[in-house]
Each structure stands twice: as structure tokens, then as C-alpha cells.
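Which chain is which? The protein sequence lines are X and Z, in order.
Following our numbering, the numbering of the first sequence begins with 5 at its first residue and continues without gaps.
Following our numbering, the numbering of the second sequence begins with 5 at its first residue and continues without gaps.
Inspection log for the structure reproduced underneath, given as C-alpha cells.
There are 2 protein chains.
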Amino acid sequence: MARPEPSTRERIVSAASKLFYSDGIKGVSVDAVAEKAGLTKRTLYYHFRSKDDLVAAYLEARDQPNLALFRRWFDEAEGELPVKVEAIFSNLARAARHPKWKGCGFLRTSAELANLPGHPAIRIGAAHKKKFENWLRTTFEAAGIGNSLQLARQILLLLDGSFAVVLLHRDASYMETAGEAAATLVTSALAASRPVASRQNRRR
Amino acid sequence: MARPEPSTRERIVSAASKLFYSDGIKGVSVDAVAEKAGLTKRTLYYHFRSKDDLVAAYLEARDQPNLALFRRWFDEAEGELPVKVEAIFSNLARAARHPKWKGCGFLRTSAELANLPGHPAIRIGAAHKKKFENWLRTTFEAAGIGNSLQLARQILLLLDGSFAVVLLHRDASYMETAGEAAATLVTSALAASRPVASRQNRRR
DNA sequence: TTGCGTCTATTCACTGGTCGGTATACATCG
DNA sequence: CGATGTATACCGACCAGTGAATAGACGCAA
Numbered sequence: 005m006a007r008p009e010p011s012t013r014e015r016i017v018s019a020a021s022k023l024f025y026s027d028g029i030k031g032v033s034v035d036a037v038a039e040k041a042g043l044t045k046r047t048l049y050y051h052f053r054s055k056d057d058l059v060a061a062y063l064e065a066r067d068q069p070n071l072a073l074f075r076r077w078f079d080e081a082e083g084e085l086p087v088k089v090e091a092i093f094s095n096l097a098r099a100a101r102h103p104k105w106k107g108c109g110f111l112r113t114s115a116e117l118a119n120l121p122g123h124p125a126i127r128i129g130a131a132h133k134k135k136f137e138n139w140l141r142t143t144f145e146a147a148g149i150g151n152s153l154q155l156a157r158q159i160l161l162l163l164d165g166s167f168a169v170v171l172l173h174r175d176a177s178y179m180e181t182a183g184e185a186a187a188t189l190v191t192s193a194l195a196a197s198r199p200v201a202s203r204q205n206r207r208r
Numbered sequence: 005m006a007r008p009e010p011s012t013r014e015r016i017v018s019a020a021s022k023l024f025y026s027d028g029i030k031g032v033s034v035d036a037v038a039e040k041a042g043l044t045k046r047t048l049y050y051h052f053r054s055k056d057d058l059v060a061a062y063l064e065a066r067d068q069p070n071l072a073l074f075r076r077w078f079d080e081a082e083g084e085l086p087v088k089v090e091a092i093f094s095n096l097a098r099a100a101r102h103p104k105w106k107g108c109g110f111l112r113t114s115a116e117l118a119n120l121p122g123h124p125a126i127r128i129g130a131a132h133k134k135k136f137e138n139w140l141r142t143t144f145e146a147a148g149i150g151n152s153l154q155l156a157r158q159i160l161l162l163l164d165g166s167f168a169v170v171l172l173h174r175d176a177s178y179m180e181t182a183g184e185a186a187a188t189l190v191t192s193a194l195a196a197s198r199p200v201a202s203r204q205n206r207r208r
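Here you go:
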């Protein structure tokens, strides 16, 4: 299917995404983004009020595609709930082995802009992670897990932890370790919510 | 006990630590560090070859004190192993509620310098996390836990995940959630390593 | 159809300021 | 004297953001 001609604004955001993700926010000049997009800085400033706006657009553009990818990895995995959760981590480990992989753009941006708590980009990143947490929570709830929010947050902590650790050590195997921990926690929560006959505190 | 007069170099590192931790590496100029230390930039460059060296010194200075603090929180907690591990997280949650808290300096630096994989500061950060992992592993091993390395890494993933998540959401309660997950994993590992009489797959 | 005004999108050239790093000289002290 | 440490003043590069002009598309009236 032929994709439509990308608008100028889309070309700018695409160039900004590649550069910001690769080199960080402060490490990329507006001139560099303009050059990568094939236009002048003045044109860029016609479409975006400031560099901060451009940073926000960069993360905004990554929000939905990222969530869809995680959901797809979960849906396409075959097996019980712990296996499907673990599949997210093993797919991520595969991605993390690519040389251009540099962690989670949302987390890296929030780390870089930590002294600007109200920055639009940070709000977008926080909202993104909340959406993922909510999707996990509703998924767990549908599976009959009792404290679905707590479990969702624990999985999220493992996921974001593996972003940070794998980026630091450049060792993607940590992501699989995180996946095993996640599977353990899901299994444990399932056992607590659906007690089997051999346990004494059976409901009803 | 009266502490000795700090050397010029120590004053520089102390000023650099506060500024780098607060505003990030690229967000702090060498001039700003010199001014905070009460001397000129030229003097700073007499003691440090480059800004990169100064960044490395900043993290180097945080290595041992940080590890000692975690060990102290663990040692001073009363209770079984899961409780002592969880204590690290709850103490960290208390620290994270301070308005000047901005996550883990090692992780934030590695996120900011992600496009410079061989940077000295990143190597120091990676070594720091490895030391913490090793301390956890030997502790678990002494407690008779089978796969002590895997468990140590899972705890580390939760810890670093909580640094990232709490920084993004500015909600320290995630750190307590991580502590509960850590306690669950430790309990689960203990149960697998020291099977009780009621379990069938008892060793020997 | 032709000519004119208007709006959108783009470019060139520029500003004031900041950055990491340095050449050089001065001071203090053994 | 000579080594160590400090200061003044400076460099070239880069940075985010802007002023002014222009090219082209469109509508509209003569």
C-alpha cells in the first residue's frame, strides 16, 4: 500500500525522533534536526513554537505505536497468562540486542529533564506509562486476579528496570531475567486468587 | 569529630556532585561548577583534565557511600530475609519523598550519555551496580538460596525500575510496591531452596 | 483571461549568549 | 630558583530563537 506523501511537520518529527532517541535532548541542536529533515531551522520554527514543543511532539508520536507493539507481543504469544507476560520481555530483549537500541525514550527523556518536573515531555511520558499500567491492570482483572493494580505496577517496575539496567550494562539477558521474575509474580498472584482444592482457605 | 579542611579537589567534586545530580551533565557548565566551588574555571582545569573527567569523579565519589547506605539499611532491619530486603526499598521511598531527590545519579548519567557507550562515567556506573548485585548474591547464597544470582538480579531490576518510575511519576509509593514484589520473590526463592516436609519434591 | 491581493510556507542572514577549553602571567612557598 | 596553584582574559564553536524578504498557490474582480 502506497503511503501518502509525508507532510513537512511529519518529516520534522521523524527526523527529531531519530536524533533525540539516539543522542538525547540536550545532545541534539535544532539545526541538526532541521538539516536531517532537509529544511532550514527557520522553517522548523514555523511549524513548532520552540524546541520544547518539538520534544513533546517526539514523545507524543511514540505513544500509541509503542503501546500497540506491546499489546501485539502479548496477544501473539501462545500459552497461559504468565507466558504471555513473559513474551513481552523476550521480544524486548530481541529488540535490545540491536546496536541502535538505546533504552526507553520516555524514561531517558524524563531522566534528562528531571529538574523540570512540569515539562510537557515528562507529562506525556508519565501518561504513556500510565496507559500501559492500565492495560495490564484490566488484563489481569479479566483473568480474575485479585490485586490487579499491584501486580500491574510490579510488572511495570520490572519492565522499566530492565530498560535501565540493560542500557547501563549493554547486556540484554537482564531483560529475560526480568521476564522470569514477572512470570513468577503473575503465577504467584494467580495462585492466590484462584485457590486450588488442596489449599485450606478455599472460598465458599 | 572535626573533619579535616577539604582539599581544593574535594571542594570541586562536592560542588560538581550537587550540580550534576540536580541538573544533569549537559545541563551544568564547567563555569557553574567552578563558581559553586568558589574558584575560577582555570583552577578547575588545573585539577581535572576535562569535563568528562569531572563527571567520572562525581560518580566515583558516590560509589562507596551509596553501597554502604544500602548495606546499613539491610543490616539494621529486624526480621527474616524478605523483610530485610524490603527495608531497602522502604528506606529509599522515604528518601525519594524529599523534594531534592532526583532518582539514581548513576542511571540518570547513563541515560544521558547513552550514545557514548565507553564513557568512563558509564563504566563506573556499571561497576557500581555490579558491586551491589554481587553483595546481594553473596547475601542470598549465605542464606542457602539456590539460584542466588538470578534472585539478586531480579531485586536489582526492581530497584532500578523504581528509580525510573518514581522519578517519572513523582510518586514514591511505587517504591513500596517494588519492595513488596522483592519480598515476594525472595520468599518464593526461599521456599524453592528449602522445601518443607509437606512438599513432595523434597531433595534426598 | 489577465492582473492583483493575500495567505502559507520557505529561505538567508543574523543576534546575543553560552560552551569547553586555553595562553599567559602572577603569587606563594620550600 | 622552581614547583605548585590561582587568576584574568580570551578563543572559536555552537546554540536557541528571530527579522525581513520571497516564492508560489489560490481566490476574485475587471
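The C-beta atom is built at its ideal place from N, Cα and C for all residues, glycine as well.
As the structure is a prediction and not an experimental result, all values here were calculated from the model.
Asked, Found
"Residues near Ala187(Z) by beta carbon distance below 8 Å, same chain, minus five either side", "Pro86, Val87, Val89, Glu90"
"Beta-carbon proximity list for Gly183(X), same chain, < 6 Å, skipping 5 on both sides", "Glu90, Phe93, Ser94"
"Partner residues on chain Z for Leu189(X), Cβ-Cβ distance less than 7 Å", "Ala185, Thr188"
"Where Phe144(X) falls: helix, strand or coil (DSSP)", "helix"
"Rounded C-alpha distance that separates Thr44(Z) from Lys30(Z)", "19 Å"
"C-beta neighbour in chain Z for Arg203(X), strict 7 Å", "Annotation note: pLDDT 44 at Arg203(X) (below 50); position unreliable, coordinate value reported separately. No - not a single Cβ of chain Z is within 7 Å of the one on Arg203(X)."
"Chain X contacts made by the stretch 104 to 124 of chain Z, where a contact means CB separation under 7 Å", "Lys106, Gly107, Leu111, Arg112, Ser114, Ala115, Glu116, Ala118, Asn119, Pro121"
"Contact list for Ser192(X) against chain Z, beta-carbon separation under 7 Å", "Thr188, Ser192"
"Where the alpha helix (DSSP H) through Leu171(X) begins and ends", "152 to 173"
"Secondary structure of Gly83(Z), DSSP reduced to three states", "coil"
"Selected residue, minimal CA-CA separation from Ser54(X), among Pro69(X), Gln68(X), Val37(X)", "Val37(X)"
"Within 7 Å, strictly: CB atoms of Lys133(Z) and Leu71(Z)", "no"
"C-beta atoms of Arg141(X) and Ala156(X) nearer than 7 Å", "yes"
"Within-7 Å CB hit, Val89(Z) to chain X", "no"
"Residues near Leu209(Z) by beta carbon distance below 6 Å, same chain, minus five either side", "Here chain Z comprises residues numbered 5 to 208, so residue 209(Z) is not present and cannot be evaluated."
"Cutoff 7 Å; reference Trp105(X); Cβ partners in own chain excluding five residues on either side", "Ala99"
"Whether Gly28(X) touches Glu116(Z) by CB criterion (7 Å)", "yes"
"At least three beta-carbon pairs within less than 8 Å, the stretch 109 to 129 of chain X to the stretch 113 to 128 of chain Z", "yes"
"Identity of the residue in Ser33(X), Asp56(X), Tyr62(X), Trp77(X) nearest Arg15(X) by Cα", "Tyr62(X)"
"Chain-ordered chain Z contacts of His102(X) [CB-CB under 9 Å]", "The contacting residues do not exist; His102(X) stays about 14 Å from chain Z at best."
"Span separating the alpha-carbon of Gly150(X) from that of Ser26(X)", "40 Å"
"Chain X within 7 Å of Thr181(Z), Cβ atoms only", "yes"
"Range covered by the alpha helix (DSSP H) that runs through Thr47(Z)", "45 to 51"
"Burial state of Arg198(Z) (16 or more Cβ within 10 Å)", "exposed"
"Given Ala41(Z) as reference, the closest of Arg76(Z), Leu162(Z), Ser11(Z), Trp77(Z) once Cα atoms are compared", "Ser11(Z)"
"Proximity winner among His102(X), Met179(X), Ala147(X), Cys108(X), relative to Ala130(X) (alpha-carbon distances)", "Cys108(X)"
"Chain-order list of residues whose beta-carbon lies under 6 Å from that of Gln68(X) (same chain, five-residue window excluded)", "none"
"Candidates Val32(X), Leu73(X), Pro103(X): closest to Pro170(X) by CA position", "For the sequence presented, residue 170(X) should be read as Val rather than Pro. The shortest C-alpha separation from Val170(X) is found at Pro103(X)."
"Cα-Cα separation, Pro121(Z) to Arg75(Z)", "29 Å"
"Residue burial classification, Tyr50(X) (beta-carbon count within 10 angstroms, cutoff 16)", "exposed"
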